[in-house]
Every structure is written in structure tokens, then in C-alpha cells.
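Colleague: For the sequence shown, the residue numbers in our numbering are 2 to 203. I am attaching a structure below and will ask some questions about it afterwards.
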Amino acid sequence: LIKRKQADKTIKEHIYYFCANNVQAADHPKVRWRQDELESAIVGELNKLKLPNEDVTTWFRNSLRAALSDEEEYRRRSRAALLKREGDLERSKTRLLDAYLAGAIEQKIFQRKADELKIDLERVKEELAKESKIHGDFADMATAIFDLTQRAADTWLRSNNSVRRELLDVFCLNRTLDATSLYLDWRKPFDALAKTAENKYG
């Protein structure tokens, strides 16, 4: 915060931002950006994610859903197969125990087979746990993220500093200032969207 006395003796306050990196190269520019200039630059960068009109946005959203439908179907089939395998292994454990109790197999063979079934069952349960984390609302989540990109600049303008920081953390890995420009290091896949929108529609 810098305070300047005006000609009429009033005090005008200006908020400036500068690079907070404590380890800077010798040629790192010593610059400050006024708050309004920095905010304008960030809005400009976030607008790179936005497609040019609602028709293109709707087309992209529908194409995204169509592309993800095959992925959802694959995950449904994969989960169904894992659940079937889990059931088969549980039934095998039961049959093995029944055979052992009936004296049909020796303890050594029973223990070896039981250990094998236990390992297989644990592996299947691990796979099911992984599937559960990404199964279900996969397309809905992807579409919601895309919609967030399309209103990113507007969200920034109407948000407080905490939400603004979270928004930037979602979209980019790092932010860099030089004397004239702001650079956002986009996270994937936002880098592709920003580049595509800028090159094709900019």
C-alpha cells in the first residue's frame, strides 16, 4: 500500500503487487503492478478459457459429454466385472472351507489355497476402491469443470480474495509478472483449452 499526497492535500492510496519470490535471479525485473492493472490482466488471461459464443460453448459441452460416455460405460463394465470376481472369490473361500471341514483336503493344501484366495480378494477390493473414487458422476464432474472455465473471469470479478486465490490455484500452477505482462502457467487440461480458444477463436 502506497499513500500519495495530492495537490489538494488529500491522501490517495494505491495498492501495488510485486513478485513474492524470495529467491530471485540477478536479472529479475524490479517492478510493481497497480491493483487495477493486475486485476485487468488476470481477467484477460482467464478470458482465454472462454469460447466465443453460446453456440460454440453448447457444442463443446455436448461433444465433451459424448466423448466421455464411452469412458463411463467402460467404467461401469469394469466395476461389474470386479464385483462378479469378488463374489466368485468369496464363494470359493466358502467351498474351500467346507471341503477342509469335511476332511476332503489336507490342512497344508487348505492353507495355501486360502492364502491365494485372500491375496486375490484383497487385490480385487483395492481395484474396486479405486473405481469408486472416479466412477459414477464422471461426465457430470467434467462438464461442471468446463462450465467453471467459461465463467472464470466473471467469478473472479465478483469474488473475494480467498475465492480468487482458490480459482487461480485450480487453473494454474504458477503466475509470473514482468515489466509489461502477466503469465499464467496453466494446469492440464486448461492449457489446451486456453491455447485452442486463443488460436482458433482469438
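Even for Gly, the Cβ is constructed at its ideal location relative to N, Cα and C.
Look at the Cβ atom of leucine 50, then the Cβ atom of alanine 143, and state whether they are nearer than 8 Å.
Modeller: Cβ distance not < 8 Å, so leucine 50 and alanine 143 don't count as in contact.
Colleague: Might you give, ordered along the chain, the residues of its own chain that have their beta carbon closer than 7 Å to the beta carbon of lysine 114, omitting 5 neighbours on each side?
Modeller: Leu97.
Colleague: Between arginine 62 and phenylalanine 147, is the Cβ-Cβ spacing less than 8 Å?
Modeller: Yes, the pair counts as a contact, with Cβ atoms nearer than the cut-off.
Colleague: Which parts of the segment 53-118 are runs of the alpha helix (DSSP H), unbroken and 4 residues or longer, counting only runs that do not cross its ends?
Modeller: If we require 4 residues or more, the alpha helix (DSSP H) runs fully inside the segment 53-118 come out as 55-102.
Colleague: Could you check whether the segment 75-93 touches the segment 104-112, counting it as contact only if at least three pairs of C-beta atoms, one from each stretch, sit closer than 8 Å?
Modeller: No contact exists between the segment 75-93 and the segment 104-112.
Colleague: List the DSSP bridge partners of leucine 183.
Modeller: Answer is Leu178.
Colleague: In whole angstroms, give me the CA-to-CA distance for lysine 131 and serine 79.
Modeller: In a straight line, the C-alpha of lysine 131 is about 11 Å away from that of serine 79.
Colleague: How long is the line joining the alpha carbons of threonine 58 and tryptophan 187, rounded to whole angstroms?
Modeller: Spanning the two alpha carbons is a distance of roughly 20 Å.
Colleague: Exposed or buried, tryptophan 215, counting other C-beta atoms within 10 Å across all chains shown (16 or more means buried)?
Modeller: It is not possible to answer for residue 215, since the shown part of the chain is limited to 2 through 203.
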